[in-house]
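Take a look at the structure set out below.
Residue numbers (the UniProt record's numbering): 1 to 168.
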């Protein structure tokens, strides 16, 4: 506005050179000042633009890193779940195997116990039969001994005479 509204004094040959030169010096100084400020601001703007670009790249890198971290975390979770399921399945299989082995061992022990019980029963029966036969033998021996004792106490009867003649 100052430049547009500036009026120079009229001199002999037009405008006064001194006024025009002074005004031009003032304009040049102001223009130089503005131009320096403009250059500084442009440089500052360029630096800020570079920083902004750098921050945008960092943001992009951070976002991709965050996405990668989330994917990695999800993969770790999935892997951990699968591993846990595998461990549980192995434990279940081992439990079943141990249960089967224990059941088979119990059945085997039960069979052995049944066999020992049967053998014990058979042994008792044999012992009972032997003892019974020994008791009968003792009873028979006692009867024989009593007959012998009775025979010794009784006189021997002589056969009747008729029998003696017939024997001769």
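Backbone N, C-alpha and C fix where the C-beta goes; we use that ideal spot for every residue, glycine too.
Straight across, the Cα-Cα distance linking residue 46 with residue 38 is about 12 Å.
Around residue 56, the same chain offers no residue with a beta carbon nearer than 8 Å, after the five sequence neighbours per side are excluded.
Here the alpha carbons of residue 120 and residue 109 stand approximately 16 Å from one another. When the Cα atoms are used, residue 70 and residue 82 turn out to be separated by approximately 18 Å. Within the same chain, no Cβ atom closer than 8 Å to the Cβ of residue 7 is found once the five residues on either side in sequence are excluded. Under the three-state reduction of DSSP output, residue 6 falls in the coil class, being neither helix nor strand.
Here residue 16 carries a coil assignment [DSSP, helix/strand/coil]. Within the model, the alpha-carbon separation for residue 50 versus residue 58 is close to 12 Å.
Cα atoms of residue 78 and residue 52: separation of roughly 38 Å, rounded to the nearest angstrom.
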